[in-house]
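Position 11 of the sequence shown, counted from 1, bears residue number 192 in this note's numbering, the numbering being contiguous throughout. We treat Cβ as the ideally placed atom computed from N, Cα and C, and that holds for glycine. Just so we're clear, the structure is a prediction, and the values are computed from it rather than from any experiment.
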Amino acid sequence: MVAHDLRVETLIVRGRAEGVFRTDLPIAWLVDVPRSVMHSAADEIRAGRLTADRAADRITATVLAAFTSPGKPVPKPGTGT
182 MVAHDLRVET
192 LIVRGRAEGV
202 FRTDLPIAWL
212 VDVPRSVMHS
222 AADEIRAGRL
232 TADRAADRIT
242 ATVLAAFTSP
252 GKPVPKPGTG
262 T
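Okay, structure coming up:
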């Protein structure tokens, strides 16, 4: 496991312990989600379907939705709620 993955895994474990991240998917799957979303955003930018200045918002919204426990509202980016 690379250092970046370890940091993400640590964040996920902590988020699960605090009850804010989902527990119904494997940690390894969730570790890969941000990287996959970022690669997809880069592909979309290269294809001209997404601008670089909008990519961060899309990445944030997607990862928040992916990490939020089922049945809980997805927090609004930047608010923590």
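Of the listed residues the options, nearest to residue i (C-alpha basis)
{"i": "R203", "options": "D186, L245 and K257", "result": "L245"}
{"i": "K253", "options": "V189, L187 and V201", "result": "V201"}
{"i": "A236", "options": "M219, A209 and P251", "result": "M219"}
{"i": "T249", "options": "T232, G196 and V183", "result": "G196"}
{"i": "A209", "options": "E190, R216, A198 and T243", "result": "E190"}
Cβ-Cβ distance between residue i and residue j below 8 Å
{"i": "A247", "j": "V194", "result": "no"}
{"i": "D238", "j": "P256", "result": "no"}
{"i": "I240", "j": "A222", "result": "yes"}
The alpha helix (DSSP H) enclosing residue i, as first and last residue numbers
{"i": "T191", "result": "A184 to A198"}
{"i": "T241", "result": "A233 to F248"}
{"i": "A228", "result": "Where A228 is concerned, there is no enclosing alpha helix (DSSP H), given that its DSSP letter is neither H nor E."}
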